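Working notes for the structure below.
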């Protein structure tokens, strides 16, 4: 049930993490079942209509081999493992993020090619479910916190010109937000010319963190870990020392820029009073 009769099945794979969760590769795409194959539903997402020749679950990702469209990978099957009838019937639900490696950002000046695939985002992928799309009167926020509950960053589903942070999606069904693991940026001076410098906040050190979703006053919190890049020998103490230094630089930069903004404001007031 759920797979069209003319879309004959080429491969069926069992999820190694959740009993009853199956993936089917058919002549027209991918399907998923949560009840050992009794019922199926389309799992196409952004995959084009194409014959699927093989499937494999690798490191909690679903790898799809197609006939004519190369390989596709669905990153992070964690939400499917945690999805239950109770979750599907709830107004909102925050899924527990999988542990994420703290990796360096990419470099280089080359632009993207239309023939390149998209790599998984470099950050913590937080998935949350909403039974219905939110209206203009609904109040929503997504908070990333330290293990003791101190808030690092807060994101909303509304754009803010004064604080141009990424906007959290609040569409019906599954939503994903990627946190870049960074603390708030230093305060900026508008129209200031800078060469080779940025105001970005420091990255979080490896350790335990939390994410909380709040909808109309009701909150749900999940914990997750940021892991050290296994290819490097940096110690936890080294990470902490670097973080402390960068936070001090950020705070001092903010202090300097706030004084510049104060001077500009006073100058504008003087010009207004003198008619200049």
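Numbering (my numbering), first residue to last: 11 to 286. Ideal placement from N, C-alpha and C gives every residue a C-beta, glycine not left out. Remember, predicted model here, so these are calculated numbers, not experimental data.
- C-alpha of residue 139 to C-alpha of residue 184: approximately 5 Å in a straight line.
- The C-beta distance from residue 137 to residue 89 rounds to 4 Å, short enough to meet the 8 Å contact threshold.
- Annotation for residue 77: 60, 61, 63 place their beta carbon closer than 7 Å to its own, counting only its chain and skipping 5 residues before and after.
- Between the segment 262-278 and the segment 193-204, the count of Cβ pairs shorter than 8 Å is three or higher; the stretches touch.
- Judged by DSSP secondary structure, residue 97 falls within the alpha helix (DSSP H) whose first and last residues are 95-99.
- For residue 103, the enclosing beta strand (DSSP E) covers residues 102-104.
- A contact is defined here as three or more CB-CB pairs under 8 Å, and the segment 204-223 meets this definition with respect to the segment 147-155.
- In the DSSP assignment, residue 81 is bridged to 75.
- With a beta-carbon spacing of about 32 Å, residue 239 and residue 79 fall beyond the 8 Å limit used to define contacts.
- Going by DSSP, residue 276 is part of the alpha helix (DSSP H) stretching over 246-284.
- Per DSSP, the beta bridge partners of residue 230 are 223.
- Assignment of residue 90 by DSSP, reduced to helix, strand and coil, places it in the helix class.
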